[in-house]
Amino acid sequence: MCKSQHIRWSRVGAHSVAQYAVRWLLSDEADFVTGTVMIVDGGLIAA
136 MCKSQHIRWS RVGAHSVAQY AVRWLLSDEA DFVTGTVMIV DGGLIAA
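Last residue of the sequence shown: number 182 in the numbering used here, and the count goes up by one each step with no gaps.
Pasting the structure below:
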């Protein structure tokens, strides 16, 4: 069974996908976010 069959979006992400989360964390919009773990895995953990 392919790993991508367990992922909600049916594809394996790339570094370019994770960059959006990193950009947001570095932006002023995330200035109140502290001490959290952000999992960027396309829903693999939820599957």
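Ideal Cβ positions, reconstructed from N, Cα and C, are used throughout, including at glycine.
{"Asked": "Measuring straight from C-alpha to C-alpha, what distance separates Phe167 and Arg158?", "Found": "15 Å"}
{"Asked": "With C-beta atoms as the reference, is Ala156 less than 7 Å away from Val175?", "Found": "yes"}
{"Asked": "Tell me which residues share the same chain as Met136 and place their Cβ nearer than 7 Å to its Cβ, disregarding the 5 neighbours each side in the sequence.", "Found": "A caution first: Met136 carries a pLDDT of 48, below 50, which makes its placement in the model unreliable, though a value can still be read off. Contacts found: none."}
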